[in-house]
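**Q** Can you read through this structure? Questions will come right after.
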Amino acid sequence: MNGKQLLETLELKTVCGSVESFDGVYAGDLLSRAMSHVEADNLWITIMNNMNVIAVASLTEAAAVLLAEGVELVPEALEAAKEKDICVLSSDKTVYELCAGIAAMLN
Amino acid sequence: MDEFSLYVLDITMNSVRAGADEITVSLAEDGDWLTFTVTDNGCGMSKEQVEKLSNPFFTTRKTRKVGLGVPFLTMLAEMTGGGVKITSVPEKNEDGSVNPCHGTTIQGTFGRNHLDFIPLGDMVETVKTLIQGSPEINFTYIHTFPGGHVELKCAELRAMLCEEISLAEPEILMWIGGYLEEQYAGTEEA
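Those sequence lines, one after another, are chains A and B. Those letters in the first sequence? Residues 1 to 107, per our numbering, in order. Those letters in the second sequence? Residues 1001 to 1190, per our numbering, in order.
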């Protein structure tokens, strides 16, 4: 799916980086589980906001991290995201609303 | 990792990789707190390395650039109101001098009644996995909790066996599993 289309349709904010496109979505907050379930080029939706999120995104080669429920990255995590060139998006919507929105776009 | 025993396995493997031959794994449950401690006589770390441990982008592994063992442990500890403390003495100082008493101690405290804490998981299986993977290491496992105490010392076990027998032999591992389970069952009845 096209990144620009996603940003516009779901009214997402870009925290850092950019996402041209993504392929598949994973939603979940248990980082150890995300580590084994986020696939390369996935969009990963979570409410976790610490440095470890950036590490997991980097490790799994996620296309972008989408922070739900208005969560903001802690400063060190934001710094790491910029340094490691990880795209981070955010939204005030819940994880469910974001997933449902993406599903609607796909249909 | 939705069971604490997986964290125990993950953190203890750091001591195995540090070349330790004596590793003590202890779990102490008391009141609202669980204190988890791993002490080893491995190669240790410099002050700078210890400071970098909480940063997931620091790892001694060469196969990938991210190390999440200690960051995940720290996250769980802090989420439940506790924290993680690491002290280490490197085998060799930067000036090349040698510390005879080298090794690392990592200690985490966890709010065991906190909403975000996770089930302990299968500690017997975890201890067996560690011994099976590194039968030459003298593991000591101590788990204390209100009304109970479970303990296994590989060194004592080894002294009772012939030297040629590996602790990874299926019969020995089965005996170890039974020995631990018996202790846990005994304390449950009490």
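Glycine included, every Cβ here is placed at the ideal spot set by N, Cα and C. None of the values given here were measured: they were computed from a predicted structure.
Would you say the beta carbon of B/Gly-1081 comes nearer than 7 Å to a heavy atom of the ligand HEM?
**A** With respect to the ligand HEM, the structure offers nothing, as it holds no ligand at all.
**Q** Would you say A/Asn-179 reaches chain B, if we count a Cβ-Cβ gap shorter than 8 Å as a contact?
**A** With chain A represented from 1 up to 107, any question about residue 179 of chain A goes unanswered, as that position is not in the structure.
**Q** Give me the Cβ distance between A/Ala-68 and A/Leu-30, rounded to the nearest whole Å; I'm assuming they're in contact under 8 Å.
**A** Numbered from its first residue, the first sequence carries residue 68 of chain A at position 68. Numbered from its first residue, the first sequence carries residue 30 of chain A at position 30. Not a contact, Cβ separation roughly 15 Å.
**Q** Of all Cβ atoms in chain B, is any one closer than 8 Å to the Cβ of A/Leu-126?
**A** Coverage of chain A is limited to positions 1 through 107, which leaves residue 126 of chain A absent and any answer about it impossible.
**Q** Decide if B/Ser-1134 is buried, meaning its Cβ has at least 16 other Cβ atoms within 10 Å, or exposed.
**A** Working through the second sequence from its first residue, we reach residue 1134 of chain B at position 134. Buried, because 16 or more other Cβ atoms sit within 10 Å of the Cβ of B/Ser-1134.
**Q** Which residues in chain B sit within 8 Å of A/Ala-103, going by Cβ to Cβ distance?
**A** For this step, residue 103 of chain A is matched to residue 103 along the first sequence. Under the 8 Å cutoff, chain B gives no residues; its nearest Cβ is about 26 Å from A/Ala-103.
**Q** Assuming B/Gly-1069 contacts B/Asn-1138 under a Cβ cut-off of 8 Å, what Cβ separation, rounded to an integer in Å, is found between them?
**A** Numbered from 1 along the second sequence, position 69 holds the residue referred to as residue 1069 of chain B. Numbered from 1 along the second sequence, position 138 holds the residue referred to as residue 1138 of chain B. With 8 Å as the limit, B/Gly-1069 and B/Asn-1138 do not qualify as a contact, their Cβ atoms being about 22 Å apart.
**Q** If you measure from the beta carbon of B/Pro-1056 to each beta carbon in chain A, is any gap under 8 Å?
**A** The count along the second sequence starts at 1 and reaches residue 1056 of chain B at position 56. Chain A contact via Cβ: present.
**Q** At 9 Å on the CB atoms, spell out the chain B contacts of A/Ala-80, in chain order.
**A** Walking along the first sequence from the start, residue 80 of chain A turns up at place 80. Here the neighbours are Asn-1055, Pro-1056, Phe-1057.
**Q** Going by DSSP, name the residue or residues bridged to B/His-1143.
**A** On the second sequence, position 143 is the one that residue 1143 of chain B refers to. Note: B/His-1143 sits in a beta bridge opposite B/Leu-1027, B/Val-1150.
**Q** Express the C-alpha separation of B/Gly-1081 and B/Thr-1140 in angstroms, rounding to a whole number.
**A** Translated into the one-based positions of the second sequence, residue 1140 of chain B becomes position 140. Translated into the one-based positions of the second sequence, residue 1081 of chain B becomes position 81. Computed Cα separation, rounded: 27 Å.
**Q** List, in chain order, every chain A residue whose beta-carbon is nearer than 8 Å to that of B/Phe-1072.
**A** Along the second sequence, read from residue 1 onward, the residue named residue 1072 of chain B stands at position 72. Chain A residues near B/Phe-1072: Leu-31, Ser-32, Asn-52.
**Q** Along chain A, which residues have their Cβ under 9 Å away from the Cβ of B/Asp-1002?
**A** The count along the second sequence starts at 1 and reaches residue 1002 of chain B at position 2. Leu-30, Ser-32, Arg-33, listed in chain order.
**Q** Which residue wins for smallest C-alpha separation from A/Cys-16, given the options A/Ala-104, A/Ala-64, A/Val-95, A/Asp-92?
**A** On the first sequence, position 16 is the one that residue 16 of chain A refers to. The candidate whose alpha carbon is nearest that of A/Cys-16 is A/Ala-64.
**Q** Using a cut-off of 9 Å between C-beta atoms, extract the partners of B/Leu-1068 located in chain A.
**A** Residue mapping note: residue 1068 of chain B aligns to position 68 of the second sequence, counting from 1. Simply Leu-31, Ser-32, Met-35, Asn-52, Ala-55, Val-56, Leu-59.
**Q** Would the region 1036-1052 of chain B count as touching the region 1089-1108 of chain B if we require 3 or more Cβ pairs under 8 Å?
**A** Yes, since at least three Cβ pairs between the region 1036-1052 of chain B and the region 1089-1108 of chain B fall closer than 8 Å, the two stretches touch.
**Q** Let me make sure I understand the geometry here. Which of A/Met-51, A/Ile-47, A/Ser-21, A/Leu-43 has the alpha-carbon closest to that of A/Asp-92?
**A** What you label residue 92 of chain A is simply residue 92 of the first sequence in a count that begins at 1. Minimum Cα distance to A/Asp-92 is reached at A/Ile-47.
**Q** What residues of chain A sit near B/Met-1075, judged by a beta carbon separation below 7 Å?
**A** Position 75 of the second sequence, counted from the start, is the residue given in the question as residue 1075 of chain B. Simply Asn-50, Asn-52.
**Q** Looking only at its chain, what residues have a beta carbon closer than 6 Å to the beta carbon of A/Ala-62, apart from the 5 residues adjacent to it on each side?
**A** By one-based count along the first sequence, residue 62 of chain A stands at place 62. Same-chain partners within the cutoff: Val-38, Asn-42, Trp-44.
**Q** The beta strand (DSSP E) spanning B/Gly-1103 covers which residue range?
**A** Translated into the one-based positions of the second sequence, residue 1103 of chain B becomes position 103. It spans 1103-1111 - the beta strand (DSSP E) in which B/Gly-1103 sits, taken as one unbroken run.
**Q** For my contact list, A/Leu-73 and A/Asn-49 are in at a C-beta cut-off of 8 Å; report their separation, rounded to the angstrom.
**A** What you label residue 73 of chain A is simply residue 73 of the first sequence in a count that begins at 1. What you label residue 49 of chain A is simply residue 49 of the first sequence in a count that begins at 1. So it is a contact: roughly 5 Å between Cβ atoms.
**Q** Using the C-alpha atoms, what's the distance from B/Ile-1086 back to B/Asn-1093?
**A** For the purposes of this step, residue 1093 of chain B is taken as the residue at position 93 of the second sequence. For the purposes of this step, residue 1086 of chain B is taken as the residue at position 86 of the second sequence. Straight-line Cα distance between these residues: approximately 18 Å.
**Q** Quick one: Cα of A/Leu-89 to Cα of B/Gly-1031, how far?
**A** Residue 89 of chain A sits at position 89 when you count from the first residue of the first sequence. Residue 1031 of chain B sits at position 31 when you count from the first residue of the second sequence. About 41 Å.
**Q** Please state the DSSP three-state secondary structure of B/Lys-1052.
**A** Numbered from 1 along the second sequence, position 52 holds the residue referred to as residue 1052 of chain B. Helix at B/Lys-1052.
**Q** Can you name, in chain order, every residue of its own chain whose Cβ lies under 6 Å from the Cβ of B/Thr-1144, other than the five neighbours on each side?
**A** Working through the second sequence from its first residue, we reach residue 1144 of chain B at position 144. Answer for B/Thr-1144: Ala-1028, listed in chain order.
**Q** In whole angstroms, what separates the C-alpha of A/Val-71 from that of A/Cys-87?
**A** Residue mapping note: residue 71 of chain A aligns to position 71 of the first sequence, counting from 1. Residue mapping note: residue 87 of chain A aligns to position 87 of the first sequence, counting from 1. Taking the straight line joining both Cα atoms gives about 15 Å.
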